[in-house]
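Notes follow the structure.
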Amino acid sequence: MTYSELLQQLTVESQDNGEVFTRTNRLERIKSLLHESSYELLYAGKLALIYGKKGVTPAKARLLVSSHIDTVYTHCFCEETDTHWKGTFDNSATNTALLQLMLENKIGDHVLITFTGDEEIESRGAQEVKRWCSQQTWYPSAILVLDVTNEGWDDSVSFSIENDRGFDLLTAHQIISSIQESEQPCVFLHDALPDETWIYGEKQNPDDRSYPCLSLCLPVGGDMHSNTGCWLRKGEPKMYMKILSRLLESLA
Numbered sequence: 379m380t381y382s383e384l385l386q387q388l389t390v391e392s393q394d395n396g397e398v399f400t401r402t403n404r405l406e407r408i409k410s411l412l413h414e415s416s417y418e419l420l421y422a423g424k425l426a427l428i429y430g431k432k433g434v435t436p437a438k439a440r441l442l443v444s445s446h447i448d449t450v451y452t453h454c455f456c457e458e459t460d461t462h463w464k465g466t467f468d469n470s471a472t473n474t475a476l477l478q479l480m481l482e483n484k485i486g487d488h489v490l491i492t493f494t495g496d497e498e499i500e501s502r503g504a505q506e507v508k509r510w511c512s513q514q515t516w517y518p519s520a521i522l523v524l525d526v527t528n529e530g531w532d533d534s535v536s537f538s539i540e541n542d543r544g545f546d547l548l549t550a551h552q553i554i555s556s557i558q559e560s561e562q563p564c565v566f567l568h569d570a571l572p573d574e575t576w577i578y579g580e581k582q583n584p585d586d587r588s589y590p591c592l593s594l595c596l597p598v599g600g601d602m603h604s605n606t607g608c609w610l611r612k613g614e615p616k617m618y619m620k621i622l623s624r625l626l627e628s629l630a
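Counting from 1 along the sequence shown, just add 378 to a position and that's the residue number in our numbering.
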C-alpha cells in the first residue's frame with residue numbers, strides 16, 4: 379500500500395477526553411491494518427496502543443517509537459494535487475509513515491511502537507505508556523517521538539530534530555552521523571514547542587523514570603490545527619521514513 383493510500387485511510391477522526399478515546403475511527407483503522415501484519419498488539423489501554431513484532435517480548439526490544447493519533451479537528455480530510463497533499467495531518471502524516479514502514483517490515487525487532495492519545499492537551503497517552511513500561515520492567519534505551527512541525531517548511535527541509543534530551547555523547551554522535559549520512563536538509567531545534575518528549579524525557583514524580591528522547595518531525599505548511607488543513611510536500615515522506623530507519627538502526 380502506498381503512502382498516499384495510507385494517508386487517505388488514516389486522516390480520519392480520532393479524539394479523546396483525556397481519559398479514554400471517544401472517537402476511534404483512526405485507532406480502529408490502525409488495528410485493522412496491522413491485524414494480518416508481522417506485528418502483534420501488546421497493550422490496548424485507554425489512551426495508547428503498543429505493538430511489537432510477533433514473538434518478540436519487550437525484554438528483547440531496546441527502542442520505542444511514539445506517534446500520537448489524537449486530533450483537535452472537527453472534521454478530517456485529505457486532498458491531493460500533483461505536488462502536495464492538503465489536509466488535517468496532525469498527526470496522520472507521521473502515523474502513515476510509521477504504518478508504512480511496519481507493513482513493509484522495515485523496522486527491526488528491537489523496536490516497539492506506540493500510538494497515543496491526549497498529546498494535544500496533557501500527553502496522558504505518553505504517561506500511560508511510561509506506566510506500562512514500568513509494569514513490564516522494560517526501560518527503553520531511547521524514545522523517538524514522531525510529529526509534524528512548521529519548522530523548516532519555508533526552507534523545504536525533509537525533517538527536523540526537536541526537543542532532544544538525555545542522550546550521552548556517544549549516542550549523540552551516532553545520531554548526528556545518521557543525519558549527515560542521509561544528505562538531506564534538516565533543521566535542529568533543541569527547545570521547541572511542547573510534545574511528548576516533555577513526558578518521556580522528564581520525571582513526573584520521584585518514582586518515575588526519564589528516557590533519552592527526541593522528536594523527529596515532518597514539516598508541513600500552514601496552521602497545523604486548523605480545520606482548513608495544512609500542506610505536505612509529496613517528496614518529503616519518503617525522506618522522512620529514510621531518516622527514521624537510519625536513526626533506528628544507529629540506535630540499535
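Heads up, the beta-carbon is just placed ideally off N, CA and C, and yes, glycines get one too.
Being a predicted model, the structure only gives us computed values, none of them experimental.
Buried versus exposed call for residue i [16 or more other C-beta atoms within 10 Å across all chains shown]
{"i": "I554", "result": "exposed"}
{"i": "I499", "result": "exposed"}
{"i": "R587", "result": "exposed"}
{"i": "A503", "result": "What sits at residue 503 in the sequence shown is Gly, not Ala. By the 10 Å Cβ count, G503 comes out buried."}
{"i": "D533", "result": "exposed"}
Contact under 8 Å by Cβ, residue i with residue j
{"i": "D546", "j": "C595", "result": "no"}
{"i": "Y417", "j": "K438", "result": "no"}
{"i": "E531", "j": "P597", "result": "A small fix is needed here, since residue 531 is Trp in this sequence, not Glu. Cβ atoms of W531 and P597: closer than 8 Å."}
{"i": "E529", "j": "S538", "result": "yes"}
{"i": "T389", "j": "G465", "result": "yes"}
{"i": "V507", "j": "T494", "result": "yes"}
{"i": "K616", "j": "T461", "result": "no"}
{"i": "I485", "j": "L592", "result": "no"}
7 Å CB neighbourhood of residue i in its chain, flanking five on each side removed
{"i": "R401", "result": "E391, S392, Q393"}
{"i": "S445", "result": "N469, T472, N473, L476, F493, L524"}
DSSP beta-bridge partners of residue i
{"i": "F493", "result": "L427, S445"}
{"i": "P591", "result": "One point to set straight first is that residue 591 is Cys, not Pro, in the sequence displayed. Its beta-bridge partners are I521, R543."}
Residue i - containing beta strand (DSSP E), residue span
{"i": "V523", "result": "520-527"}
{"i": "E458", "result": "456-458"}
Range of the contiguous alpha helix (DSSP H) that encloses residue i
{"i": "W576", "result": "575-578"}
{"i": "N473", "result": "470-481"}
{"i": "Y451", "result": "That residue, Y451, is in no alpha helix (DSSP H); it is neither H nor E in DSSP."}
{"i": "W510", "result": "502-513"}
Residues of its chain near residue i, where Cβ-Cβ distance is below 6 Å and the 5 sequence neighbours each way are ignored
{"i": "I491", "result": "Y429, V443"}
Beta-carbon proximity list for residue i, same chain, < 8 Å, skipping 5 on both sides
{"i": "I408", "result": "L388, L427, I447, N473, L477, F493"}
{"i": "E383", "result": "none"}
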